[in-house]
Amino acid sequence: MTKSLYRAGRLDEISDILEKTEQNNLRAHNDAAFNFAKGLLT
């Protein structure tokens, strides 16, 4: 997901998407891909 947003030039939208995902998905903090994407931004 982050790679496609990066290629589309919408890298600034990723933090909003990750926040919404974390709020709406109770298991997001256990998902490896989610934590990887979140770690790339911090």
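Residue numbers (our numbering): 5 to 46.
Using N, Cα and C, we set each Cβ at its ideal position, and we do this for glycine too.
Note that the coordinates shown come from a computational prediction; the quantities given were computed from them, not determined experimentally.
Euclidean distance between Cα positions of residue i and residue j
i: N34; j: E26; result: 10 Å
i: L30; j: E23; result: 12 Å
i: K42; j: A36; result: 10 Å
i: D16; j: N28; result: 20 Å
Contact belief for residue i with residue j at Cβ below 8 Å, rounded distance in angstroms
i: A32; j: F40; result: Contact doesn't hold; Cβ gap of about 12 Å is too wide.
Proximity of residue i and residue j at Cβ, strictly below 8 Å
i: L45; j: I18; result: yes
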